[in-house]
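Novice: In our numbering, the protein residues as written are 336 to 535.
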Amino acid sequence: MPRRPGPSRAWQRMLSGRRLDLLDPTPVDVEIEDIAHGLAFVARWNGQTSGDWPYSVAEHSLLVEELFGLMQPGAPARWRLAALLHDAPEYVIGDMISPVKAAVGPAYGALDARLAAAIRIRFGLPAEVPPAVKRAIKAADRVSAWLEATQIAGFSAAEANRFFGRPDPALVAGRRIAPRPPAAVRAAYLARHAALLAEC
Numbered sequence: 336m337p338r339r340p341g342p343s344r345a346w347q348r349m350l351s352g353r354r355l356d357l358l359d360p361t362p363v364d365v366e367i368e369d370i371a372h373g374l375a376f377v378a379r380w381n382g383q384t385s386g387d388w389p390y391s392v393a394e395h396s397l398l399v400e401e402l403f404g405l406m407q408p409g410a411p412a413r414w415r416l417a418a419l420l421h422d423a424p425e426y427v428i429g430d431m432i433s434p435v436k437a438a439v440g441p442a443y444g445a446l447d448a449r450l451a452a453a454i455r456i457r458f459g460l461p462a463e464v465p466p467a468v469k470r471a472i473k474a475a476d477r478v479s480a481w482l483e484a485t486q487i488a489g490f491s492a493a494e495a496n497r498f499f500g501r502p503d504p505a506l507v508a509g510r511r512i513a514p515r516p517p518a519a520v521r522a523a524y525l526a527r528h529a530a531l532l533a534e535c
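#1: Quick test of the definition: if touching needs 3 or more C-beta pairs under 8 Å, does the stretch 444-453 touch the stretch 408-424?
#2: Are the beta-carbon atoms of P516 and Y390 separated by less than 7 Å?
#3: Are H372 and R521 touching if we call contact CB-CB under 7 Å?
#4: By Cβ distance, which residues of its chain are closer than 6 Å to G409, with the 5 residues on each side in sequence left out?
#5: What does D356 pair with, by DSSP beta-bridge criteria?
#6: Measuring only the C-alpha atoms, how far is T485 from I512?
#7: Can you give me the C-alpha to C-alpha distance between S351 and E368, rounded to a whole angstrom?
#8: What separation, rounded to the nearest whole angstrom, lies between the Cα atoms of D387 and L374?
#9: With distances taken Cα to Cα, identify the nearest neighbour of S356 among K469, A453 and L525.
#10: Closest by CA to K473, which one among T361, M431 and L419?
#11: Can you give the Cα-Cα distance for A523 and A530, rounded to whole angstroms?
#12: Let me check understanding here. Comparing Cα to Cα, which of K469, S491 and D359 lies closest to E400?
#13: Can you give me the start and stop residues for the alpha helix (DSSP H) that L479 sits inside?
#14: When the Cα atoms are used, what is the spatial distance from G509 to L482?
#15: Taking the CB atoms as reference points, tell me whether G500 and R477 lie closer together than 7 Å.
#16: With distances taken Cα to Cα, identify the nearest neighbour of D503 among A442, F403, E534 and A412.
#17: Would you call V392 buried or exposed, if buried means 16 or more other Cβ atoms sit within 10 Å of its Cβ?
#18: Considering only the alpha carbon of each residue, which of S433, S396, P411 and A345 lies closest to C535?
Right, here's the structure in full:
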């Protein structure tokens, strides 16, 4: 007699011991150590980057937060924290390049949005970031993508300009991307998160 299928498992066990329900996440099951660890091991660009280490989402997030601060010098620490956490859901759902996200459709976006809201609430931010702040974070994200594309992902400047926009030369001049070991990036992410949280 064939077994009747049971309910699908929708949670993931974290190294902290938490069980995070991916379909109905709650802030109490979110730990920064899990986020930092996961993001330090998730590769941007599907791992298609030069160097001896993958360029992780944690490293990208640190760069976006730094660029956001340069582009929005008067922004309070809470919005810099939001910039650091802008890709935090990828610690459990991974990073997908834009063409794959478009092919998957709105389900990925809905999953990402639920996780992002739970993460923001966990760290004292509103569930939804104000639209102006979201746009400013996205602008920093695009500068980061341009830098990554041209320095480690094999894009020409002309290609990167077409896909990500031409960045302000002052933001990219002299800035070099050098992927680091996951343990170093994890530690840097945790330290920056702690510093920003202390300022909020």
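Using N, Cα and C, we set each Cβ at its ideal position, and we do this for glycine too.
Specialist: Straight from the coordinates:
#1: Yes, the stretch 444-453 touches the stretch 408-424.
#2: Note that the C-beta distance between P516 and Y390 is not below 7 Å.
#3: Yes; because the gap between Cβ atoms is below 7 Å, this pair is in contact.
#4: Cβ neighbours of G409 beyond the five flanking positions: none.
#5: In the DSSP output, where bridge partners are listed per residue, D356 has W346.
#6: Distance between the alpha carbons of T485 and I512: 10 Å.
#7: Distance between the alpha carbons of S351 and E368 is about 8 Å.
#8: Going by the C-alpha atoms only, they are around 18 Å apart.
#9: For the sequence presented, residue 356 should be read as Asp rather than Ser. It is A453.
#10: K473 has its Cα closest to that of L419, out of T361, M431 and L419.
#11: Taking the straight line from one Cα to the other gives about 11 Å.
#12: Here the closest residue by C-alpha is K469.
#13: Checking the sequence, you will find Ser at residue 479 rather than Leu. Per DSSP, S479 belongs to the alpha helix (DSSP H) from P466 to Q486.
#14: Between the alpha carbons of G509 and L482 lies a gap of roughly 11 Å.
#15: Closer than 7 Å, so yes.
#16: Restricting attention to A442, F403, E534 and A412, the CA atom closest to the CA of D503 is found in F403.
#17: Counting every other CB atom within 10 Å of its CB across the protein chains shown gives V392 a total of 16 or more, marking it as buried.
#18: Comparing Cα positions, the closest option is P411.
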